[in-house]
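Notes for the one structure printed next.
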Amino acid sequence: SDSSDIEQLDNSQQESLSTSESTNSNIQEKCFKRKQRQWNIKEKLDAVALFDKNKSKRKTTAMNGCTSAQLRNWIKNKEILINMYKQKKI
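For the sequence shown, the positions run 1 to 90 when UniProt numbering is used.
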């Protein structure tokens with residue numbers, strides 16, 4: 001009886017291991033499949049301008065499809081973005 005209990009326990013551990021491995025590979029596949037969105041300087045500045053106008057990060061991120069972290073960084077680097085945009089136009 002003890003040996004069959006041990007076998008059952010061992011089998012259930014192996015099953016849970018295999019499901020966690022397949023779940024892991026699914027997560028990794030999703031991570032690698034999605035290409036990161038690239039935002040150009042004008043798009044970033046447009047988002048910052050929209051935020052300056054409506055003063056709502058939540059509305060701005062919803063309208064632009066960017067994350068709040070991205071918007072925060074763009075607001076923080078506003079001057080740098082403006083300078084880069086001016087240099088690009090020259």
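Positions of the beta carbon are idealized from the N, C-alpha and C atoms, including for glycine.
task = Compute the distance between the beta-carbons of residue 129 and L45, then report whether it is under 8 angstroms.
result = The question about residue 129 has no answer here: the residues shown for the chain are numbered 1 through 90.
task = Assign A47 to one of two classes, buried (16 or more other C-beta atoms within 10 Å of its C-beta) or exposed (fewer than that).
result = Within the sequence shown, residue 47 is the residue found at index 47, counting from 1. A47 comes out buried.
message = So within the UniProt domain "HTH psq-type" (33 to 83), which uninterrupted beta strand (DSSP E) runs reach at least 3 residues, ignoring any that extend past its ends?
response = none
Between the CA atoms of E79 and K89 - distance to the nearest angstrom = Position 89 of the sequence shown, counted from the first residue, corresponds to residue 89. Position 79 of the sequence shown, counted from the first residue, corresponds to residue 79. Taking the straight line joining both Cα atoms gives about 16 angstroms.
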